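*Asks:*
Protein chains: 2
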Amino acid sequence: MDIESELGNSIERSADICPSSLDPADWERFRTLAHSALDQAIDFVRTVRERPVWQPMPEHVRAALDQPLPTEPQDLESVYHDFKDLILPYTVGNIHPRFFGWVHGAGLASGILSETLAAALNANCGGRDHVGLYLERRVIEWCKAIFNFPARASGILLSGSSMANLIGLAVARDAARASHPGEELVAYASTEVHSSVGKAMHFLGFEDQALRKIRVDGDFRMDTGALTLALDQERAAGRRPFCIVGTAGTVNTGAFDDLETVASICESQGIWFHVDGAFGALAVLAGDLRPRVSGIERADSLAFDFHKWMHVPYDAGCLLVRDGDKHRQAFSSSPVPAYLTRAGRGLAGGGEWPSDLGPELSRGFRALKIWFAMREHGVRRFGDAISRNCRHARYLAGLLASVPDVEVLNPVSLNIVCFRFRPAGLNGAALDSLNEDIAADLQESGIAAPSTTRIQGRLAIRVNITNHRTCEADLDLLVRTAERLLDEKALPHAS
Amino acid sequence: MDIESELGNSIERSADICPSSLDPADWERFRTLAHSALDQAIDFVRTVRERPVWQPMPEHVRAALDQPLPTEPQDLESVYHDFKDLILPYTVGNIHPRFFGWVHGAGLASGILSETLAAALNANCGGRDHVGLYLERRVIEWCKAIFNFPARASGILLSGSSMANLIGLAVARDAARASHPGEELVAYASTEVHSSVGKAMHFLGFEDQALRKIRVDGDFRMDTGALTLALDQERAAGRRPFCIVGTAGTVNTGAFDDLETVASICESQGIWFHVDGAFGALAVLAGDLRPRVSGIERADSLAFDFHKWMHVPYDAGCLLVRDGDKHRQAFSSSPVPAYLTRAGRGLAGGGEWPSDLGPELSRGFRALKIWFAMREHGVRRFGDAISRNCRHARYLAGLLASVPDVEVLNPVSLNIVCFRFRPAGLNGAALDSLNEDIAADLQESGIAAPSTTRIQGRLAIRVNITNHRTCEADLDLLVRTAERLLDEKALPHAS
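The listed protein sequences correspond, in order, to chains A and B. The end of the first sequence is residue 528 by the working numbering, with every number in the run present. The end of the second sequence is residue 528 by the working numbering, with every number in the run present.
And the structure:
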């Protein structure tokens with residue numbers, strides 16, 4: 034059979050073979066527009082300092098976007114025109130060097146390139162035999178190397194650590210159910226644990242009190258003495274502690290639980306050790322921070338993100354599981370449905386499918402942007418950027434020390450500084466309200482965007498330095514602007 | 034306070050302010066490379082007919098990709114060079130007009146443009162007040178209009194229908210737990226239900242037998258008489274039927290359950306009605322298919338995908354929930370943690386956050402590519418393409434009717450044709466093996482890529498026509514090639 038000539042015939046007829054497809058009627062016109070959009074995309078990143086960090090969407094923009102369901106086709110040019118007017122100016126702002134709110138990565142210019150290519154490939158990475166799955170396995174191997182996980186470990190790319198915490202806990206639950214059927218299962222974490230862990234427990238069918246919160250010490254780390262005591266009491270009451278969640282970098286203050294001690298407790302008591310390392314885990318790449326992460330290599334499962342401290346475009350997170358077989362047992366369909374059967378050869382062949390390691394069957398090609406980022410920068414440059422962020426947090430704490438009526442509310446051990454203004458003459462509620470106002474003023478000024486949180490009950494302006502574009506001058510400007518905003522308020526002591 | 038001049042000062046210093054960021058050292062060099070990659074991306078889609086549908090990755094390519102963890106930075110040019118050699122040729126193939134395997138969308142050229150822009154914005158759409166959330170709410174409103182859902186309905190964008198089924202069932206479970214605390218809950222679906230529903234039940238903590246499978250009729254639709262009987266028996270045994278999953282377009286044959294009847298059963302018995310409409314739901318956009326979907330507007334929750342029959346780049350799915358309050362109750366953290374508190378103004382303001390409607394806090398900007406696609410093509414063009422796919426399935430069934438020794442194994446009511454060769458002299462196992470071989474031969478030929486499944490126990494070559502680029506000539510070529518591959522086999526009757 035002459036397949037080549039068969040294929041050749043098909044090509045010759047292809048130009049006008051399917052005029053009713055959804056492809057562009059005029060490819061060169063489309064190409065011109067796409068190049069114009071690409072220049073816009075690049076300029077948006079390159080000139081980020083020339084714009085406000087964030088601005089609210091005006092009412093007329095909201096109204097203009099409030100269009101009814103589009104039934105008829107529209108020129109792509111006009112859709113793009115609306116994008117430039119109505120969407121581009123009103124985005125989150127996390128690529129800006131003075132975005133200090135929440136823990137958002139800053140993106141990478143090269144992410145534009147890798148996502149452009151991924152959109153053309155349009156790969157579904159749930160299964161089948163193709164390079165998308167191969168590249169995901171390669172990225173997972175790199176992550177295992179970063180965290181010193183054993184060869185038998187498995188991993189899967191996910192939207193982020195909320196999903197990775199959820200899936201890690203699902204694996205832990207299934208393993209505990211298999212080894213201790215019928216027992217009442219309870220899990221542990223510190224009071225500083227991220228809310229996604231409690232949500233995950235609920236999602237998995239646990240009663241809300243099945244997640245026990247252990248108190249923290251003065252450095253916001255889990256009190257492991259209290260943990261040991263709680264475990265003993267639980268067992269005496271006939272319940273089965275099945276999982277302890279350690280945090281590598283809490284969202285409030287960047288604290289690291291004592292992972293070595295928690296790992297030892299888990300090992301000696303046969304308890305699953307899950308680590309939520311959403312952003313903090315990658316501190317392992319920074320020479321000066323590495324000791325803080327010690328013990329993470331002993332985790333049974335580890336959640337962390339590429340879109341935070343590796344700046345891969347949103348979204349991109351990961352779960353690693355030490356015992357790959359337990360991971361597979363939790364998610365492989367048994368029996369495999371006929372339409373997902375693996376063949377010995379052809380497109381339905383290949384190795385393990387990601388749909389055997391998580392709940393998703395349709396999945397985009399996240400591995401591509403991660404592979405590009407890790408190869409372009411190498412993990413060393415990410416580690417350097419992480420060290421720099423933490424150095425800048427200490428620099429900011431130093432600046433604040435010389436500002437009158439300011440107190441820093443957390444030990445600045447990582448990249449987060451929580452502070453508040455405390456002018457004389459204001460009580461607790463007034464101070465909370467003042468600082469909340471200043472945070473919102475800062476955001477609305479467009480100059481800097483911190484977030485707020487509460488530290489031991491007190492409202493704090495929270496500055497989280499995750500951005501590779503942030504420099505000392507940005508922190509100078511933040512402090513100067515905050516001071517001015519305070520001065521402009523007619524406070525009792527200033528009147 | 035003169036914020037403008039403050040901002041101005043900052044801009045002037047910005048050019049060389051942060052030389053150690055991860056931005057390109059030479060922006061113009063980066064721009065040149067990005068434009069070259071964009072041309073590559075566009076050409077990849079435009080010339081798709083000139084390439085094989087799929088080809089296996091050669092061993093030397095796998096070996097070349099098997100690189101150790103990158104520690105040092107590399108030129109982006111060299112990374113891109115590797116991409117072109119090692120990745121681009123070995124992707125899934127679903128953008129090709131003769132990819133007939135599984136239900137994969139074919140992508141849109143304009144998806145390259147929208148994803149390029151999304152990568153530059155790098156928005157996290159888990160929360161906060163910005164256009165990403167606004168656009169998601171707008172897209173959800175459009176979906177509510179498509180399916181005639183009420184104003185109080187809620188919705189969330191997800192990776193696909195596996196996740197949407199999972200989250201829909203989670204909402205159903207939580208609603209049932211609230212109204213019937215302590216009761217044993219069971220769910221129902223047909224034997225043709227997608228495997229993701231069973232996986233979802235397991236994930237949510239149910240025992241495997243909590244999903245009851247109801248037999249199907251000769252058209253592969255749930256036998257609603259058997260369903261009613263099963264519900265009565267269950268109640269008599271003291272268990273609580275809490276959810277019935279109807280399927281709009283089964284993966285094996287494209288069958289639609291009788292959604293009107295199932296909806297009436299659910300309404301009269303107070304049971305949650307979830308519809309898995311992964312690809313079939315959007316048949317509502319095709320005038321000739323619309324009656325088939327009747328009753329979908331009565332669903333309590335509905336899962337469907339944009340990346341299948343709307344061809345939005347992977348991944349993009351959706352869950353709609355009729356009673357938005359029940360949706361919120363299942364996912365809102367209570368109390369809201371301090372670091373996620375909503376403010377009255379500023380960046381932490383705005384309306385509902387998507388993290389209150391699902392398990393993810395980090396989420397990419399899926400709404401942008403959907404908004405572009407729906408505005409560019411209007412739902413009418415998608416409906417036309419869906420009708421065309423189904424017309425082509427009937428055309429293929431017609432072609433196969435004139436091929437000797439072929440039988441079509443399903444009623445061709447939508448876009449799926451399952452057939453097998455049945456030459457004389459072969460028993461069941463030999464027929465299965467022959468047809469499996471031909472499917473893999475077709476894939477490896479590069480000419481066409483069907484998948485396989487089993488229909489009533491018999492292995493079938495499954496042709497799923499979801500691609501807007503497919504035309505009749507592609508189906509002619511498929512049949513001609515399959516016949517030749519059969520002829521080349523030394524079968525008993527041909528020797």
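From the three backbone atoms N, C-alpha and C, an ideal C-beta is built for every residue, glycine too. What you are looking at is a predicted structure, and each value in this text was computed from that prediction instead of being measured.
In chain B, which residues lie less than 8 Å from Ser229 of chain A when you measure between Cβ atoms?
*Replies:* Pro392 and Leu394
*Asks:* Kindly indicate if chain A contains any beta-carbon less than 8 Å away from that of His68 of chain B.
*Replies:* yes
*Asks:* Can you grab the Cα-Cα spacing for the pair Leu464 of chain B / Ile173 of chain A, in whole Å?
*Replies:* 40 Å
*Asks:* Does the beta-carbon distance from Val539 of chain A to Phe454 of chain A come in below 8 Å?
*Replies:* Because chain A in this structure spans residues 34 to 528, residue 539 of chain A falls outside the shown range and cannot be described.
*Asks:* Does Met34 of chain A get closer than 8 Å to chain B when you measure Cβ to Cβ?
*Replies:* Note that Met34 of chain A scores 41 on pLDDT, short of 50, meaning its location in the model is unreliable; the coordinates nonetheless yield the value given after this. Yes - at least one Cβ of chain B is within 8 Å of the one on Met34 of chain A.
*Asks:* In angstroms with no decimal places, state the Cα-to-Cα distance between Ala186 of chain B and Trp386 of chain B.
*Replies:* The straight-line gap from Cα to Cα measures roughly 15 Å.
*Asks:* Could you tell me which chain A residues have their CB closer than 9 Å to the CB of Ser54 of chain B, listed as they occur along the chain?
*Replies:* Pro130, Ala139, Ala418, Asn500, His501, Arg502, Thr503 and Cys504
*Asks:* Listed from N- to C-terminal order along the chain, which residues in the segment 170–181 of chain A have their beta-carbon within a distance smaller than 7 Å of any beta-carbon of chain B?
*Replies:* Arg171, Trp175, Ala178 and Ile179
*Asks:* By how many angstroms is the C-alpha of Gly479 of chain A removed from the C-alpha of His129 of chain A?
*Replies:* 10 Å
*Asks:* Taking contact to mean 3 or more Cβ pairs, one atom from each stretch, closer than 8 Å, check whether the segment 69–76 of chain B and the segment 376–386 of chain A are in contact.
*Replies:* Taking a cut-off of 8 Å for Cβ pairs, the segment 69–76 of chain B and the segment 376–386 of chain A do not touch, as fewer than three such pairs fall below it.
*Asks:* Which word fits Glu148 of chain B, buried or exposed, when buried means at least 16 other C-beta atoms lie within 10 angstroms of its C-beta?
*Replies:* Counting Cβ neighbours within 10 Å, Glu148 of chain B comes out buried, since at least 16 surround it.
*Asks:* Hey, out of B:Ala263, B:Ser484, B:Glu240 and B:Ala336, whose CA is closest to Arg248 of chain B's CA?
*Replies:* B:Ala263
*Asks:* So, helix, strand or coil for Ile488 of chain A, using DSSP?
*Replies:* Reduced to three states, the DSSP call for Ile488 of chain A is strand.
*Asks:* Relative to the C-alpha of Thr261 of chain B, which residue among B:Trp342, B:Ser301, B:Thr280 and B:Phe289 is closest?
*Replies:* B:Ser301
*Asks:* For Pro324 of chain B, is the classification buried or exposed, using 16 other Cβ atoms within 10 angstroms of its Cβ as the cut-off for buried?
*Replies:* Under this definition Pro324 of chain B is an exposed residue.
*Asks:* What in chain B is Cβ-close to Pro370 of chain A, meaning under 7 Å?
*Replies:* Ser228
*Asks:* What number of angstroms, rounded off, separates the C-alpha of Lys402 of chain B from the C-alpha of Gly159 of chain B?
*Replies:* Roughly 17 Å between the two C-alpha positions.
*Asks:* To the nearest angstrom, how far is it from the Cα of Gly328 of chain A to the Cα of Lys246 of chain B?
*Replies:* 46 Å
*Asks:* Answer with buried or exposed for Ala457 of chain B, where buried requires no fewer than 16 other C-beta atoms within 10 angstroms of its C-beta.
*Replies:* exposed
*Asks:* Less than 8 Å between CB atoms is the rule here; does Ile423 of chain A satisfy it with respect to chain B?
*Replies:* Looking at the sequence shown, residue 423 of chain A is not Ile but Cys. Chain B contact via Cβ: absent.
*Asks:* Hey, would you say Thr283 of chain B sits closer than 8 Å to Phe236 of chain B, going by beta carbons?
*Replies:* Taking C-beta atoms as the reference points, Thr283 of chain B and Phe236 of chain B fail to come closer than 8 Å.
*Asks:* Helix, strand or coil for Pro444 of chain A per DSSP?
*Replies:* coil
*Asks:* What are the partner residues of Asp338 of chain A, as DSSP defines its beta bridges?
*Replies:* A:Gly350
*Asks:* From Ala336 of chain B to Val278 of chain B, what does the alpha carbon distance come to, in whole angstroms?
*Replies:* One C-alpha to the other measures close to 10 Å.
*Asks:* Can you name the start and end residues of the beta strand (DSSP E) that Ser478 of chain A belongs to?
*Replies:* Unbroken run through Ser478 of chain A is the alpha helix (DSSP H), Gly461 to Ser478; no beta strand (DSSP E).
*Asks:* Would you verify that the beta carbon of Phe405 of chain A is, or is not, closer than 8 Å to some beta carbon of chain B?
*Replies:* yes
*Asks:* As a quick exercise: from B:Ile471, B:Glu61, B:Leu429 and B:Ser435, pick the residue whose alpha carbon is nearest that of Val445 of chain B.
*Replies:* B:Leu429
*Asks:* Ignoring anything shorter than 3 residues or poking outside the segment 306–339 of chain A, list the beta strand (DSSP E) runs there in chain order.
*Replies:* As far as the segment 306–339 of chain A is concerned, its whole beta strand (DSSP E) runs of at least 3 residues are 334–338.
*Asks:* Just mark Glu45 of chain A as buried or exposed, buried being the case when its beta carbon has 16 or more other beta carbons within 10 Å.
*Replies:* Confidence at Glu45 of chain A is low in this model, with a pLDDT of 43, below 50, so its placement is unreliable and no value can be given for it.
*Asks:* Name the DSSP bridge partner or partners of Gly431 of chain A?
*Replies:* None; Gly431 of chain A has no bridge partner.
*Asks:* Where are the beta strand (DSSP E) runs, 3 residues long or more, that stay fully inside the segment 205–259 of chain A, in chain order?
*Replies:* 218–223 and 244–247
*Asks:* Return the CA-CA distance between Ile36 of chain A and Pro122 of chain B, expressed in angstroms with no decimal places.
*Replies:* Bear in mind that the predicted position of Ile36 of chain A carries a pLDDT of just 49, short of 50, making it too unreliable to give a figure here.
*Asks:* Since Thr499 of chain A and His137 of chain A should fall inside the 8 Å C-beta cutoff, what is the C-beta to C-beta distance between them, to a whole number of angstroms?
*Replies:* 6 Å
*Asks:* Chain A beta carbons: is any one of them nearer than 8 Å to that of Glu409 of chain B?
*Replies:* It does; some Cβ of chain A falls within 8 Å.
*Asks:* I want to see whether chain B comes within less than 8 Å of His114 of chain A, judged by CB atoms only; does it?
*Replies:* no
*Asks:* Checking 8 Å against the spacing of the C-beta atoms, do Val450 of chain B and Val496 of chain B come in under that value?
*Replies:* yes
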